[in-house]
Structure formats: C-alpha cells, structure tokens
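Reading through the structure tokens given below for one structure.
Residue numbers (this note's numbering): 40 to 378.
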C-alpha cells in the first residue's frame with residue numbers, strides 16, 4: 040500500500056491555517072483567548088506555519104476539567120493555538136483517515152453522526168432476531184500509543200508529519216504509554232482510526248453483514264444466537280491481542296427486547312429515550328428556562344441550546360413525554376410568579 044507523503048506544505052499553507060482558525064473559533068467567538076489570537080492573527084498563523092514546516096510544534100499544556108453528562112469524564116482541552124493546529128492537520132489528512140473507514144462507522148465523519156447510526160441500527164433491529172452490543176472499557180484512556188503510532192505510520196510516510204502526530208500522542212497519558220485526551224479533534228480521528236482495524240476484522244474475517252459502530256459502541260446482529268455469541272468472543276480476542284483493549288460484559292439479547300444505543304432504546308418498530316436520557320432532557324430544559332428567565336441568556340441563546348435538545352428527543356417516540364415536561368414547566372413558571 041502506498042503511504043501518503045508531501046502533506047506538510049499543504050498543512051502549513053496560510054489559507055489552510057486561516058480556515059483552521061475559523062473552525063477552531065466556532066462557538067467560542069466571545070472567549071477572550073480567541074479575541075487575543077484574532078488580534079494578531081497573521082503573525083500567529085505565520086508562526087504556526089513555520090513551526091509546522093520545521094516539524095517542531097509546541098504540544099501539551101492541557102486544561103483539564105470534568106464533565107458529568109452523560110457520564111463522568113475528564114476532558115483535556117488544548118490551548119487555542121493547538122486547536123488551530125489540529126484543525127489544520129485534519130483539513131488535509133481527513134480524506135486519508137476517511138478512506139480507511141467502513142460504511143457503517145458513524146462517529147466523527149461528515150454525512151454520518153448519531154442519528155444516521157441510530158437509523159441504521161433501527162433498520163437492523165427489524166431484520167434480525169438477535170443483537171450483540173459491545174463496548175470498550177475506558178476506551179480513550181486505554182488506547183495503546185505505540186500501536187496507534189504504528190498504525191499512523193502505515194498510512195503516512197512524511198517524517199515531519201509523523202513527528203507532530205507522535206508529539207500529540209506523547210503529550211498525554213493515563214498510564215505509561217496509554218491514552219489520548221478526549222477534548223482534542225485529533226483524538227477523535229485517532230480513536231476512530233484505531234478501531235477501524237476491528238471494523239475490517241468484523242466485515243472481512245467474521246463476515247458480519249449487519250454491524251454498526253459509533254466510536255467504541257459496537258453492535259452486531261444475526262438470527263442465530265449461539266453463532267453471534269461465538270463471533271463476539273472471536274472479536275473480543277482480536278481487539279485484546281491486536282489493540283490491547285478490554286470489552287465490558289457482552290449485551291446479547293433478542294431484538295424485540297430493545298437495543299440500548301446512544302441514549303435510546305431501539306425496538307424493531309419504535310425508538311424510546313432511555314431513562315437517563317429522559318432525566319437529562321428534563322434537567323436541561325429546567326436549566327435552560329431558568330437561564331432565560333434570569334436574564335443569563337438572551338432569547339437567541341435559549342433557542343440555540345433548546346433546538347438541539349428537542350432534536351435529540353424528536354428521534355424517539357417522545358411526544359407525550361415532551362408534553363408532560365412542558366406542562367410541568369408551565370406549572371413551575373406560574374408558581375414562581377405567584378411567589
């Protein structure tokens with residue numbers, strides 16, 4: 040296989056760096072560090088271009104914080120200049136990573152995403168009697184850095200580019216030689232590429248026709264329960280040996296009982312929000328309304344946040360649940376006004 044070369048000049052090109060800046064600032068326009076970077080934009084981009092051409096870019100110095108939705112995770116956010124670098128890298132390298140992905144990989148890909156994965160899973164739920172859901176234990180924290188860098192070297196030839204990739208992977212670890220930070224754009228690409236090897240194993244060696252992966256959430260379908268379990272065990276052995284990853288306990292069940300997937304429960308003929316998603320929806324709706332009423336958010340801010348929240352529920356059979364939440368919200372507003 041021919042490895043990709045001569046990408047550094049494209050990555051370091053000023054137009055690519057300007058595009059990377061606009062992508063990195065999206066949704067963060069009001070942040071002071073973005074405004075500071077913008078005030079000296081050309082000088083900052085020229086400096087970054089020189090660093091990329093030299094293959095020596097400052098990496099690391101992450102800002103760490105914890106999120107609790109939908110589950111507790113430690114986020115490692117890179118400084119803004121490194122976020123520009125990450126976008127610059129992936130503007131050029133995206134097609135190379137994309138080429139290795141199979142059709143039914145849905146995370147961090149244009150034209151794919153959560154809802155496309157959900158619809159694909161729903162179609163397989165109708166066609167097959169059983170599903171086997173697989174999930175990697177502490178996926179981002181468990182990625183083996185040496186294995187990842189070896190996989191990157193299979194796709195990319197350029198020493199300077201590989202050096203930047205290696206510096207990014209070396210800048211973070213949960214234990215010696217393990218982990219990529221959840222907050223990085225490059226981490227999304229690296230993590231998706233890492234499990235691409237297992238995707239090809241599922242399709243080409245296990246010959247599973249019905250398969251969906253959204254990052255480390257993977258589902259296989261079949262009509263023979265024992266055969267499906269046997270293939271799941273082969274898959275488990277493969278990713279332990281080749282990728283040094285450990286799976287959580289298998290979830291093998293009848294499709295009629297409902298597949299837990301991406302915050303939903305997918306039945307052959309309907310989709311429900313799972314219990315945790317319902318709780319998060321109600322909690323966020325109350326918080327958003329409070330921010331609007333307290334003047335923390337403008338009406339525009341409120342609409343920007345509530346739109347995606349409602350879109351998430353629109354992909355499930357939630358009309359009566361949303362009506363009840365709206366009724367509760369109106370009652371709460373009336374009570375607040377009376378007091």
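In this text, a Cβ means the ideal position worked out from N, Cα and C, and glycines have one as well.
Report the three-state DSSP secondary structure of residue i (helix, strand or coil).
{"i": "residue 118", "result": "coil"}
{"i": "residue 214", "result": "strand"}
{"i": "residue 299", "result": "strand"}
{"i": "residue 103", "result": "strand"}
{"i": "residue 183", "result": "strand"}
{"i": "residue 305", "result": "strand"}
{"i": "residue 41", "result": "coil"}
{"i": "residue 87", "result": "helix"}
{"i": "residue 141", "result": "coil"}
{"i": "residue 148", "result": "coil"}
{"i": "residue 207", "result": "helix"}
{"i": "residue 66", "result": "coil"}
{"i": "residue 271", "result": "helix"}
{"i": "residue 113", "result": "strand"}
{"i": "residue 131", "result": "helix"}
{"i": "residue 95", "result": "coil"}
{"i": "residue 220", "result": "coil"}
{"i": "residue 318", "result": "helix"}
{"i": "residue 278", "result": "helix"}
{"i": "residue 58", "result": "helix"}
{"i": "residue 201", "result": "helix"}
{"i": "residue 323", "result": "helix"}
{"i": "residue 245", "result": "coil"}
Please classify residue i: is it buried, with 16 or more other beta-carbons within 10 angstroms of its beta-carbon, or exposed?
{"i": "residue 77", "result": "exposed"}
{"i": "residue 51", "result": "buried"}
{"i": "residue 48", "result": "exposed"}
{"i": "residue 144", "result": "buried"}
{"i": "residue 376", "result": "The pLDDT assigned to residue 376 is 49, lower than 50, so where the model puts this residue is not dependable, and the model offers no usable value."}
{"i": "residue 140", "result": "buried"}
{"i": "residue 370", "result": "Interpretation of residue 370 is limited by its pLDDT of 48, a score under 50 that renders its predicted location unreliable; the figure taken from the coordinates is listed afterwards. With fewer than 16 Cβ atoms within 10 Å of its Cβ, residue 370 is classed as exposed."}
{"i": "residue 366", "result": "Confidence in residue 366 is poor, its pLDDT being 48 and thus under 50, which makes the residue's placement unreliable; the coordinate value appears in the next sentence. Classification of residue 366: exposed, given that the 10 Å Cβ count is below 16."}
{"i": "residue 337", "result": "exposed"}
{"i": "residue 373", "result": "Low local confidence applies: a pLDDT of 41 at residue 373 is under 50, so the model's placement there is unreliable, and no value is given."}
{"i": "residue 223", "result": "buried"}
{"i": "residue 237", "result": "buried"}
{"i": "residue 82", "result": "exposed"}
{"i": "residue 122", "result": "buried"}
{"i": "residue 249", "result": "buried"}
{"i": "residue 29", "result": "Lying before the first or after the last residue shown, residue 29 is absent from the chain, which here runs from 40 to 378."}
{"i": "residue 72", "result": "exposed"}
{"i": "residue 191", "result": "buried"}
{"i": "residue 103", "result": "exposed"}
{"i": "residue 59", "result": "buried"}
{"i": "residue 278", "result": "buried"}
{"i": "residue 149", "result": "exposed"}
Would you list the residues sitting across from residue i in a DSSP beta bridge?
{"i": "residue 256", "result": "174 and 253"}
{"i": "residue 169", "result": "261 and 293"}
Need the endpoints of the beta strand (DSSP E) that residue i sits in, please.
{"i": "residue 195", "result": "Where residue 195 is concerned, there is no enclosing beta strand (DSSP E), given that its DSSP letter is neither H nor E."}
{"i": "residue 293", "result": "290–293"}
{"i": "residue 50", "result": "Premise fails: residue 50 lies in the alpha helix (DSSP H), 47–51, not in any beta strand (DSSP E)."}
{"i": "residue 286", "result": "That residue, residue 286, is in no beta strand (DSSP E); it is neither H nor E in DSSP."}
{"i": "residue 312", "result": "310–312"}
Could you pull the start and end residues of the alpha helix (DSSP H) that residue i belongs to?
{"i": "residue 233", "result": "224–233"}
{"i": "residue 335", "result": "Neither: residue 335 is in no alpha helix (DSSP H) and is coded neither H nor E."}
{"i": "residue 71", "result": "71–78"}
{"i": "residue 157", "result": "153–166"}
Using only the heavy atoms of the ligand ADP, determine whether one of them is closer than 7 Å to the beta carbon of residue i.
{"i": "residue 338", "result": "With respect to the ligand ADP, the structure shown offers nothing to examine, as it has no ligands at all."}
Roughly how far, in whole angstroms, is the beta-carbon of residue i from the beta-carbon of residue j, given that I think they are within contact range, below 8 Å?
{"i": "residue 112", "j": "residue 221", "result": "6 Å"}
{"i": "residue 124", "j": "residue 87", "result": "6 Å"}
{"i": "residue 98", "j": "residue 182", "result": "With 8 Å as the limit, residue 98 and residue 182 do not qualify as a contact, their Cβ atoms being about 17 Å apart."}
{"i": "residue 282", "j": "residue 329", "result": "With a Cβ gap of about 44 Å, residue 282 and residue 329 do not count as contacting."}
{"i": "residue 217", "j": "residue 180", "result": "7 Å"}
{"i": "residue 379", "j": "residue 55", "result": "Lying outside 40 to 378, the shown extent of the chain, residue 379 is not represented and no answer is given."}
{"i": "residue 229", "j": "residue 187", "result": "6 Å"}
{"i": "residue 160", "j": "residue 289", "result": "Not quite, the Cβ-Cβ distance comes to about 17 Å (not below 8 Å), so this is no contact."}
{"i": "residue 170", "j": "residue 268", "result": "11 Å between Cβ atoms; not a contact."}
{"i": "residue 196", "j": "residue 44", "result": "4 Å"}
{"i": "residue 168", "j": "residue 276", "result": "Not quite, the Cβ-Cβ distance comes to about 25 Å (not below 8 Å), so this is no contact."}
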